[in-house]
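Take the sequence shown: its letter number 9 is residue 11 in the numbering used here, and every next letter is one higher.
Glycine included, every Cβ here is placed at the ideal spot set by N, Cα and C.
Remember, predicted model here, so these are calculated numbers, not experimental data.
A quick write-up on the structure given underneath.
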Amino acid sequence: MKSPRVFSCVSQMFVQRLMLWLGLFTLCFFLGGMLLSVSLKAQSLTWLGTLGGDGSWAHGVSADGSVVVGFAKNASGNWRAFRWTSATGMKDLGTLGGDLSSAYGVSADGNVVVGWANNESGQGHAFRWTSATGMEDLGSFGGDESLAYGVSADGSVVVGEAKNAFGWVRAFRWTATTGMENLGTLIGGGNSWANDVSADGSVVVGTVENAFGWVRAFRWTATTGMKDLGTLTGEGWSYANSVSADGSVVVGWANHASGQDHAFRWTAATGMQDLGTIGGESSRALGVSADGSVVVGWAGNESGQGRAFRWTSATGMQDLNEVFINLLQDGSELLSATDISPEGRFIVGLGYNARTGRTEAFLLDTEQASSAGEEPISSFLLSIFPQPVVGNGTVRFRLTEPSTVVLELVDLTGRKIVLAEGWYADGVHYVELPVLSAGIYFCRFRAGTVVEVEPILMW
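The structure is reproduced here in structure tokens:
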């Protein structure tokens, strides 16, 4: 026979459970509505969060937009390389034994990540990561530092920079067969840095010091070696940051006649083309689509504010904050676009998330066409764990297509807290619950015409 104390606890739990489900029934009856999706053609903006710290930055995106890599602060305030998917959220890729790491490039299928991490001695080394191997140290040219920036479509070729035994920095091209290959410099030049590689790994672009001490954009192949791409003015500096899939289009920035940086797009036929600005003085091209027709990057506006841009020959340079203003109604801002998927659909970078008050990595889906007509959305879109919630809990919701989402927390008096609101990509998303007083609450989820409610028991 149970003791009175145990019986009292069980009775209390029974009453709480009863109240929970009665409240749920009442609220669900009130909310009602058919669980239907509305066909639409829309864009979506997903904020990727952090690793427990106060910031993150996305630097690479897979071909289908399902994987994003970059770096984010953890709870200790250290920057760490991350790999994000809608299913897993942001995952820390670790280090080579030290405290810090950053991810800069990802293969087309999202399975190979490259970047930089420090070891036990505090030295930063280039790494190549897969889920099978973990973080692999790519070494150096005898010096104490190296860094990987780019990777081929299949993940087999990695490019970046490494120090030699004399302290000079050299652009490298790495494969499992050859190891780290020194790409050299221009005649009489000094340091060199490789920033990106073509889809098949045959063309490398980056920056190199010439004999006069200027840094110049370069394009390298095994046949031609390192070639200076020049500047916008015939003198000064230039930087190559990204290259198209076939290696024929190079983008970056170079000095303008005004003395400021201007984004450029280079081909052998046109030479270096000035892409202009969005009203400010400076711009930098950071990423390019597979066919070279779409360029993304950073530019200053008339007010001197940094803004993410997208350029095509048809539209010129566009401020993404203006093009996708419907996704930024809460006061959020897109500050810099660092990469674009091969087909030009997905853009990643750095933005200001007004909801969290942080600078965060973002994933922008520039267009999503859904199926026509109305069709049922499967149930179980919303879940809360753990149940009951003790301290911190998490809300998980799944979207079968991009949609406007409103996620609210409602208590038994009808008071509401908005947990999330805005456009979200299809897939699984996670939202942390605030710490609340013990009691019964309801989590109300709305996506388009879909409404779901789940009870939450706070201990």
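- Between the C-alpha atoms of Ala1 and Val297, what's the straight-line distance to the nearest angstrom? Summary: the structure shown does not reach residue 1, with the chain confined to residues 3 through 461, and so no result is reported for it.
- Query: Do three or more CB pairs link the stretch 69 to 86 to the stretch 445 to 453 at distances below 8 Å?
  - Reply: no
- Could you give the DSSP three-state label for Glu324: helix, strand or coil? helix
- Query: What number of angstroms, rounded off, separates the C-alpha of Val412 from the C-alpha of Gly112?
  - Reply: 38 Å
- Item | From Glu163, Val205, Val153 and Val391, residue whose alpha carbon lies closest to that of Gly141 | Glu163
- Message: Which runs of the beta strand (DSSP E) at least 3 residues long sit entirely within the stretch 151 to 203? Give them in chain order.
- Response: 160 to 166, 171 to 177, 181 to 184 and 194 to 199
- Message: Applying the 10 Å Cβ sphere with the 16-neighbour rule, what's the burial state of Thr132?
- Response: exposed
- Whose C-alpha, out of Trp255, Gly278, Gly190 and Glu362, is nearest the C-alpha of Leu231? Trp255
- Task: Kindly indicate the opening and closing residues of the beta strand (DSSP E) around Pro457.
- Result: Val452 to Met460
- Item | Anticipated Cβ contact below 8 Å, Trp195 with Gly215, distance rounded | Actually they are not in contact, since the Cβ atoms of Trp195 and Gly215 sit about 15 Å apart, beyond 8 Å.
- Message: In whole angstroms, give me the CA-to-CA distance for Leu421 and Ser334.
- Response: 16 Å
- If you count every other CB in all the chains shown that lies within 10 Å of the CB of Lys418, and 16 or more means buried, which is it? exposed
- Query: At which residues does the beta strand (DSSP E) containing Gln275 begin and terminate?
  - Reply: Gly273 to Asp276
- Query: Straight-line CA distance for Asn120 to Ser103?
  - Reply: 6 Å
- Item | Beta-ladder partner(s) of Asp341, from DSSP | Val350
- Going straight from the alpha carbon of Phe174 to that of Ala259, what length do you get? 32 Å
- Query: Among Leu188, Asn193, Ser154 and Asp156, which one has its Cα closest to the Cα of Phe168?
  - Reply: Asn193
- Endpoints, beta strand (DSSP E) assigned at Glu369: Arg360 to Ala371
- Query: Based on Cα-Cα distance, which residue from Val437, Val397, Ala287 and Ser439 lies nearest to Val455?
  - Reply: Val397
- Where Leu438 sits in the DSSP three-state scheme: coil
- With a CB to CB cut of under 6 Å and the five nearest residues on each side skipped, what residues in its chain are close to Ala155? Ala110 and Ala201
- Whole-angstrom distance between Gly126 and Leu149, CA atom to CA atom: 7 Å
- Message: Please classify Asn394 as buried or exposed, where buried requires at least 16 neighbouring CB atoms within 10 angstroms.
- Response: exposed
- Message: Which of the three DSSP states is assigned to Ala449 in this structure?
- Response: strand
- Item | The beta strand (DSSP E) enclosing Glu403, as first and last residue numbers | Here Glu403 belongs to no beta strand (DSSP E), and DSSP marks it neither H nor E.
- Query: Mind checking Ile342: buried by the 16 CB within 10 Å criterion, or exposed?
  - Reply: buried
- Query: Which residues in the same chain have their Cβ closer than 6 Å to the Cβ of Ser240, if we skip the five residues on either side of it in sequence?
  - Reply: Arg218, Ala219, Thr233 and Ala256
- Item | Best match in Asp146, Asp198, Asp263 and Gly227 for proximity to Trp170 [C-alpha to C-alpha] | Asp146
- Message: DSSP has Thr235 in a bridge; who is on the other side?
- Response: The partner list for Thr235 (beta bridge, DSSP) is empty, contrary to what the question assumes.
- Task: To the nearest angstrom, report how far apart Asp56 and Gln320 are at their CA atoms.
- Result: 29 Å
- Query: Which residues bound the beta strand (DSSP E) around His264?
  - Reply: Asp263 to Thr269
- Query: How about Ala363 and Trp176: are their beta carbons less than 8 Å apart?
  - Reply: no
- Message: For Ser204, tell me which candidate among Gly190, Met182 and Asp248 has the shortest Cα-Cα distance.
- Response: Asp248
- If you follow the beta strand (DSSP E) that Ala242 is part of, which residue opens it and which one closes it? Ser240 to Val245
- Message: Closest to Val161 by C-alpha separation, out of Trp118, Gly190, Gly54 and Trp461, would be which residue?
- Response: Trp118
- Taking all protein chains shown into account, do 16 or more other C-beta atoms lie within 10 angstroms of the C-beta of Gln328, making it buried, or fewer, making it exposed? What sits at residue 328 in the sequence shown is Asn, not Gln. Label assigned to Asn328: exposed.
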